[in-house]
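Participant: Counting along the sequence shown from 1, when you hit position 141 you're at 141 in this note's numbering, and nothing is skipped either side. Note that CB positions come from ideal geometry on N, CA and C, so glycine has one too. Bear in mind the structure is a predicted one, so any value in this text is a computation, not a measurement.
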Amino acid sequence: MNKKEFMDILKNSLLESGINDIEDILNEYEEHFIFKMADGFSEEEVSLKLGDPKELAKQFIQDEPKKQLKKKNRFFTALGLVLLDILIACVFISLSVGVIAIAAIAVSSAAAGVLLIAKMNIASLIPVMPYKSAVVFAVGFLSLAILMFITAVYGFMWFKQLISSYARFHKNCMAKASNEAVYPAKATFLQISGKLKRALRGTILISLVIFIIAFISGYAISAFDAKSFEFWHVWEWFQ
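1. Output needed for S13: all residues of its chain with C-beta closer than 7 Å, excluding positions within five of it in sequence on either side, in chain order.
2. With a CB to CB cut of under 6 Å and the five nearest residues on each side skipped, what residues in its chain are close to F141?
3. Rounded C-beta distance between K132 and I221? I'm assuming under 8 Å.
4. With a 10 Å radius around its C-beta and 16 neighbouring C-beta atoms as the bar for buried, classify L69 as buried or exposed.
5. So, for H170: in the same chain, excluding its five sequence neighbours on each side, which residues have a beta-carbon less than 7 Å away from its beta-carbon?
6. Find the nearest neighbour of S42 within the set N27, R201, A101, K3, judged by alpha-carbon distance.
7. Excluding the 5 residues flanking I210 on each side, which residues of the same chain have their C-beta closer than 8 Å to its C-beta?
8. Report the residue from Y183, I126, L208 whose alpha carbon sits nearest the alpha carbon of L147.
9. Is it buried or exposed, K49, if we count other Cβ atoms within 10 angstroms and call 16 or more buried?
10. Check the C-beta distance from I155 over to I88 and give it rounded, since I have them as a contact under 8 Å.
11. Could you check the C-alpha separation between A199 and L205 for me, to the nearest Å?
12. Let me know the secondary structure DSSP gives E180 once reduced to three states.
13. Would you mind working out which of T151, D21, A175 sits nearest R201, comparing C-alpha positions?
14. If you drop the 5 nearest sequence neighbours on each side, which residues of the same chain put their C-beta closer than 6 Å to that of I61?
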């Protein structure tokens, strides 16, 4: 069945069962269809993998006797999840540090570009060079700043998506152990609208090309002016 047929049957089944928060449940399945279809699956394939919508609706009916039988399962599931949480926390911390590092590179690159163009040398951080070389390198640094900024934004958005996906996985594991309703999984990959994705991709590509050209050109101009391929020695950058 296609998406509309699946959602209609699920909605009617939820209504017949007197389930609360029907709209929230339907939104969850709607979101699941969207991210699975974005991943290349057809509506029929997603529906088939989800299963019978009538059976899915039944899991939202509260059943206290079954819950009592699941207490032991809840304990061992919770224990396993705690151990998994420790491992996942280490991964998330590493990812967050990586995103912060990329953002720091973006800020420092932008600052270097501005200082080079403005002929400002705070605390003698900028090495001595002819102004034309400084301008070319500044273009490279500003391009790198844009590239790193977009990468940091991508990383932050993906990090949020991973947390949301893992939280759903965590909740579903406990729900299964308690014989409660299990919601569809959330996407682990970043979901961005097609138009915005194309714009960001184009900006990244242009920034990367400008960055490469600017630094190659900056090197060539500096080497020509200094009459040495190792112009940094001629201009005494490291002395």
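Facilitator: In terms of the structure at hand:
1. P53, K54, A57
2. Excluding residues within five positions, the ones whose Cβ falls inside 6 Å are S109, A112, G113.
3. 6 Å
4. For L69, the pLDDT reaches just 49, beneath the cut-off of 50, and the residue's location in the model is therefore unreliable, although a value from the coordinates is still provided. Label assigned to L69: exposed.
5. L81
6. Its Cα nearest to that of S42, the residue K3 stands out among N27, R201, A101, K3.
7. V139, G140, S143
8. L208
9. exposed
10. The sequence shown places Gly at residue 155, not Ile. That belief does not hold up - the Cβ atoms of G155 and I88 are roughly 17 Å apart, past 8 Å.
11. 10 Å
12. Look at E180 here: in three-state DSSP terms it is coil, with no helix or strand label.
13. That would be T151, whose Cα lies nearest to the Cα of R201.
14. The residues are S17.
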